[in-house]
Amino acid sequence: MTRRLLLTYLSIAALVLLCLEIPLGFVYSRAERDRMINAAREEAASLSAFAELSLASGREEQDLPRRVTECAERIGGRIAVISRSGSLIAASHPLSEQEARELLGRPDVAAALNGTGSADVRTSGMGGVQYLSVAAPVGHATPPDAAVRISVPTGTVHGRVHQVWLLLALAGLTVLAVVAGFAFAVARWAARPIRELQRATVRLADGSLPGPVAVTDGPPEIRSLAATFNQTAARLEHLMASQRAFAGEASHQLKTPLAALRLRLDNLEPAVAPSGRASLTAALTETDRLARLVEGLLTMAGLEEKSATRDVVDPQRVCAERHQTWAPVFEQRNVLLALTGERTGPVLVLSGALEQILDNLLSNALRHSPPGSTVTIHLRGRRASERRRAAADGRTSFVDLHVIDQGTGLTEEQRLRAFDRFWRAPDAPKGGTGLGLALVQRLAHAGGGHVTLRAASQGGLDAVVSLPCADPGRPGPGRSPAPPGARRAGGRGIPPPAVTATDDEPAPA
């Protein structure tokens, strides 16, 4: 904003200076030319009167040449007195008969000898020098018998005019420099509170609520805007604090009665008749689901309170660890867990977020995978050319993490709603909470990434988590050796399509 204000002030000052200095320069140039013409006319009239007296007294050969020479030296020009017949009466410089006769053809001399005017002003170039010529008739006869021609070089006038233009330019630059200094001070004074507001807005957008913006100077409108921003930020902080406190306190308050309820149900099991065991099992299942729901709310409340500080994480290492942890659980359900993908660089995520993302996605995939199917964890980095183009354009390059199942999948409308809190698909297995994908989305967004759900090519869903690269300039990805799970699946890497289901399976210990 400082640059824009400075440019505005300088543009206005430059426009005013141009509107003043250009007309002033032209007026001075015209005044100098008119002054020079009037001086030449006066000299021509004076010399014409002297030549008339000299011709009348017969002393044109004694007095006239001396007067012509003195006048020419005084004005720094050339003077010639020529008769109607073309003979040279007197001259300040040597002229041949041919040059004297050529003077008769000059427009100014011809006009003077024809008696059509007392003087005629012409400008011409001689030897690269510009001359201003004035011709005046000698005597009052019609037509006159002789004419006086004075030619004066205009270099002196042009030099003075150029000096004036240079002085005007220097004066304009000086004024612009003074205006620039003053405008810069004013612009910084006006823009300083706006920069404070901008920095506070950036902190607010990053999730860290700023303190009150202390704006005590600047325009009144900016001070009013700062006061309004402080009120808005304080209200937002109060609302967010109230929301976090409610979620956290409610979840904590529910944990104790849930634990007591589960204990009482477990103690009731020996006393329940066989006909009532189905109801007891359903009650235990719903209690476990409620407990997982409370844990999910606590996790999301804790995520709200975390600062958005990202760590550099190796996604291959995390995927290998989670594959090793979850593989026995999948094997118990007769579902194969495969790990495929490419060698990628490190990514930026919140501390521990990638493990939680994989746990939730794998839990959902396991719940929706039929026996004998395969769930694939697939890593895919962007090509080197794509990363270079992204770096050149100032864009972020991403690594895509796919969790692909072969379950029943979701419709397009259901995939759009899958990230809503507490939403569950109509045919979802019992026991889920509907918080798994919502938590995955929050964790991905907090790290600068995003999540999408697509229909897998072999049925089911593909959950694609795009994570920002920590090193966009890293060399292109190469193939990594396929892990044991992928080799058991025949070495096939299921091509990446899109997301998973919604509900949570307890993570393995």
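If you read the sequence shown in our numbering, its first letter stands for residue 44, the second for the next number, and so on. Every residue, glycine too, gets a C-beta built ideally from N, C-alpha and C.
Less than 8 Å between the C-beta atoms of residue i and residue j, yes or no?
| i | j | result |
| --- | --- | --- |
| Leu554 | Leu486 | Limits of the chain in this structure are 44 at one end and 552 at the other, which puts residue 554 out of reach. |
| Thr45 | Arg242 | no |
| Val337 | Leu297 | yes |
| Val177 | Glu75 | no |
| Arg365 | Leu391 | no |
| Ala385 | Gly424 | Looking at the sequence shown, residue 385 is not Ala but Glu. Yes; because the gap between Cβ atoms is below 8 Å, this pair is in contact. |
| Cys62 | Leu90 | no |
| Ala396 | Ala489 | yes |
| Val218 | Leu49 | no |
| Leu553 | Leu301 | This structure cannot settle anything about residue 553, because the visible part of the chain is limited to 44 through 552. |
| Thr185 | Gly158 | yes |
| Glu280 | Val256 | no |
| Ala284 | Leu247 | no |
| Leu311 | Thr330 | no |
| Gly319 | Asn407 | no |
Looking only at its own chain, which residues have a Cβ that is under 6 Å from the Cβ of residue i, when we skip the five neighbours before and after it?
| i | result |
| --- | --- |
| Tyr52 | Ala226 |
| Tyr71 | Val207 |
| His445 | His421, Asp505, Val507, Pro539 |
| Pro9 | Lying before the first or after the last residue shown, residue 9 is absent from the chain, which here runs from 44 to 552. |
| Ala220 | none |
| Phe93 | Arg110 |
Can you find the residues in the same chain that come closer than 7 Å, C-beta to C-beta, to residue i, ignoring five residues on each side of it along the sequence?
| i | result |
| --- | --- |
| Gly493 | Rather than Gly, the amino acid found at residue 493 in this sequence is His. Result list for His493: Ala487, Ser509, in chain order. |
| Pro389 | Val355, Val356, Asp357, Ala513, Asp514 |
| Val315 | Leu323 |
| Gln457 | Ala468 |
| Gly148 | none |
| Arg47 | none |
| Asn273 | Pro255, Val256 |
| Pro520 | In this predicted model, Pro520 has a pLDDT of only 38, less than 50, meaning its place in the structure is not dependable enough to derive any value. |
| Met169 | At Met169 the pLDDT is 43, less than 50, meaning the model places this residue with poor confidence and gives no usable figure here. |
| Thr112 | Ser135 |
For the putative contact between residue i and residue j, defined by C-beta atoms under 8 Å, what is the C-beta separation to the nearest angstrom?
| i | j | result |
| --- | --- | --- |
| Val361 | Leu401 | 7 Å |
| Ala179 | Leu146 | With 8 Å as the limit, Ala179 and Leu146 do not qualify as a contact, their Cβ atoms being about 14 Å apart. |
| Gly553 | Ala499 | Since the displayed the chain opens at 44 and closes at 552, residue 553 lies outside it and no answer follows. |
| Leu308 | Ala326 | 6 Å |
| Asp443 | Gly503 | With a Cβ gap of about 17 Å, Asp443 and Gly503 do not count as contacting. |
| Thr387 | Gln359 | 7 Å |
Taking 8 Å as the limit between beta carbons, can you name the residues of its chain near residue i, skipping five residues before and five after?
| i | result |
| --- | --- |
| Arg376 | Leu409, Ser412, Pro414 |
| Asp188 | Leu98, Ser126, Arg127, Val181, Gly182 |
| Leu213 | none |
| Pro66 | none |
Hey, is residue i close to the ligand FMN, as in C-beta under 7 Å from one of its heavy atoms?
| i | result |
| --- | --- |
| Pro511 | Ligands are entirely absent from the displayed structure, and the ligand FMN is therefore not among its contents. |
* Decide yes or no for the touch test of the stretch 114-131 against the stretch 203-220: beta carbon pairs closer than 8 Å, at least 3 of them. => Result no; under three Cβ-Cβ pairs closer than 8 Å.
* Could you tell me whether the stretch 189-198 touches the stretch 78-96, using the rule of 3 or more Cβ pairs below 8 Å? => Between the stretch 189-198 and the stretch 78-96 there are three or more inter-stretch CB-CB distances shorter than 8 Å, so the stretches are counted as touching.
* State whether the stretch 107-121 contacts the stretch 133-153, with contact taken as three or more CB pairs (one from each stretch) at a distance under 8 Å. => With three or more CB-CB distances shorter than 8 Å, the stretch 107-121 counts as touching the stretch 133-153.
* Asked: Do the stretch 55-64 and the stretch 212-226 meet, that is, are 3 or more Cβ pairs less than 8 Å apart?
  -> A contact is defined here as three or more CB-CB pairs under 8 Å, and the stretch 55-64 meets this definition with respect to the stretch 212-226.
* **At least 3 beta-carbon pairs within less than 8 Å: the stretch 460-469 vs the stretch 415-422** => Contact check between the stretch 460-469 and the stretch 415-422: fewer than three CB pairs, one atom from each, fall below 8 Å, which does not count as touching.
* To do: Starting from the N-terminal side, write out each stretch of the alpha helix (DSSP H) that is 4 residues or longer and does not extend beyond the stretch 376-445.
  => Counting only unbroken stretches of 4 or more residues, the alpha helix (DSSP H) elements lying wholly within the stretch 376-445 are 396-410, 427-435, in sequence order.
* Asked: At what residue ranges does the stretch 447-499 contain a whole run of the beta strand (DSSP E), taking only runs of 3 or more?
  -> You should have 493-498.
* At 4 residues or longer, and completely inside the stretch 104-146: list those alpha helix (DSSP H) runs for me, N to C. => Counting whole runs of 4 or more residues, the stretch 104-146 contains the alpha helix (DSSP H) stretches 106-118.
* Asked: What residue ranges within the stretch 65-95 form continuous beta strand (DSSP E) runs of no fewer than 3 residues, ordered along the chain?
  -> None, since the stretch 65-95 contains no complete beta strand (DSSP E) of that length.
* To do: Taking only runs that begin and end inside the stretch 186-272, name each unbroken beta strand (DSSP E) of 3 or more residues, in chain order.
  => Along the length of the stretch 186-272, whole beta strand (DSSP E) runs at least 3 residues long occupy 189-196, reported in chain order.
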